[in-house]
Each structure stands twice: as structure tokens, then as C-alpha cells.
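See below:
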């Protein structure tokens, strides 16, 4: 293998590379039967299906951080499409009047301070935005005007022209955007979600979009997912939906391969691995 490891029968393995994004039951069976496995590598940043298996008796790593650039690129794409009313224009069959707002010089709030947020901040630099990031650890971030603690996320909603969800799904962040939070946002503001659908109370978002509480929503993730064909979000002119393609398979394969190769080399050297999962945090 490129990282210097050797493929062996699972009964002889010290490390397990799990490439299935689901099937937690099968992974549980493998681990229960092979106690000598000391390290498990999961494929994606989201580990919700496996969270109940993550314990301190093994080292767990995932794909967090490696898909940051393509996902941030999509977040920027959705933000521009929404704020410049491309969704409305693309649905139209007649010549419409002027609509849309500038991303240039706007106020942007990013909920989450990990790799996606850092990549998005870099991409926003030419747009001269005022950027606020909400994260667990309050520390200075390059290109960010203000960093707020996670418990103050509602303070970052008012006044923002654009709110981007770029954070893990945990018990604390599930349904963090309900009608209460949506009503704190500006009536022209766009909400972009490239994290997990369960961050948002979907019925509340539908009502907010139908009644002009916010300007619109651009969603790469939904709850439920896949979104049913007859769901009202599909028909709303101020809603843009993409089918969870923040990082496509073509984009993912080389990035994940590089992470696995690096971690195999580090594991063999007894060095700290990249993308370590923290059981107490849930990501």
C-alpha cells in the first residue's frame, strides 16, 4: 500500500479502513470479533451512523476536513445563486424585473469553525464581506472579523445577509434553526445549509419561506433525505435544492485516498493521526 501498510485478513489486522458510509451493524460485528483492531478509519466527516460505536478503547478517525474545499465551493455557489435570484429566474418562462442583492460587501455569518468554514472564509476574501464565525472554541481566525462562542449563535443571525451552516450534527446542533431563529434573521437574508438536514426544522423553514420571513434558502442537505418528490420545498421560488453533492464521488476519491495513505503512514510510525474523532464531542 502507498502508506506502507499491508493488507491482511481481518483476524490479523491492527487497523481497519471502513469505506462504507453506513452499515454500522456490520462494522460492530467485525469489531466485536476482532478486539486487536486498534484504529478504525471512517470514510466521511459525518459519523452519525457509527457514533454509538465510538469509544476510547480504540482510535477513530474520519474524513473531516478533507472535503472542505469542494463543499465550501458549493456553499459559495449556492449563496451567489440565491442572493442573485437565479432560482427565480431559472424557473421563469417570461422576462422578469430586477431582483437580487450583492454578496460583495455583505454581512456573512458562518455557524461552524472547522475546515469548511476556513475554506469558505478564504473564498469570500475577494467579496470584501464582514464575516462572523460561531464556533466551540473562540479564537482568532484569519479573514474573520468576529468570532462568537457556540452558545451565542442566535446573536449572529440578526443583521446577517447570508447565514451558512457548516458544522457537525450533534445533540446540541440538531434543530438549531427553528422558526424562532428564522424570525431573528433579516427578511432578505439567505440561509445556506451544506452540513446536515437535521440542523433545520423543515416545517418551520417551509412556513418561513412561504411567508417571506427570510429571503430564501439554498439546501444541499434536507430532512428528510432524499426529499420526497411532492415536498413543498421543491415548488418554492425562493428555495434552491441540490442533492447532497457538496463533494461528488469524483472529488472524494483522491481526497479520501490521500487521507487514508497519510494515516496509514502515521499509524505505522506511532504518530498522531489526522481527522481524529472525539467521543465526548460526537465528531
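Residue numbers (this note's numbering): 1 to 283.
Glycine included, every Cβ here is placed at the ideal spot set by N, Cα and C.
Keep in mind that this is a model prediction, so the values were computed, not measured.
Assigned exposure category for residue i - 16 Cβ within 10 Å defines buried
i	result
residue 222	buried
residue 64	buried
residue 192	buried
residue 281	exposed
residue 199	buried
residue 184	buried
residue 25	exposed
Coil, strand or helix - residue i by DSSP
i	result
residue 135	strand
residue 285	This structure cannot settle anything about residue 285, because the visible part of the chain is limited to 1 through 283.
residue 116	helix
residue 72	helix
residue 28	helix
residue 225	coil
residue 147	strand
residue 217	strand
residue 348	Nothing about residue 348 can be reported from this structure: the residues present for the chain run from 1 to 283 only.
residue 121	helix
Delimiting residues of the alpha helix (DSSP H) encompassing residue i
i	result
residue 17	Per DSSP, residue 17 belongs to no alpha helix (DSSP H); it is in the beta strand (DSSP E), 15-17.
residue 260	249-269
residue 206	202-210
residue 282	Segment: none, residue 282 is in no alpha helix (DSSP H) and carries neither H nor E.
residue 90	86-91
Nearest neighbour of residue i, chosen from the options [CA to CA]
i	options	result
residue 187	175, 7, 258 and 160	160
residue 22	52, 5 and 13	52
residue 79	260, 225, 61 and 189	189
residue 244	236, 227, 233 and 281	227
residue 109	61, 149 and 96	149
residue 72	120, 61, 263 and 236	120
residue 279	32, 57, 17 and 28	57
Boundaries of the beta strand (DSSP E) in which residue i is found, first to last residue
i	result
residue 41	39-41
residue 59	59-61
residue 165	162-165
residue 240	239-241
Those residues which DSSP pairs with residue i across a bridge
i	result
residue 107	130
residue 293	The requested residue 293 does not occur in the structure, where the chain is confined to residues 1 to 283.
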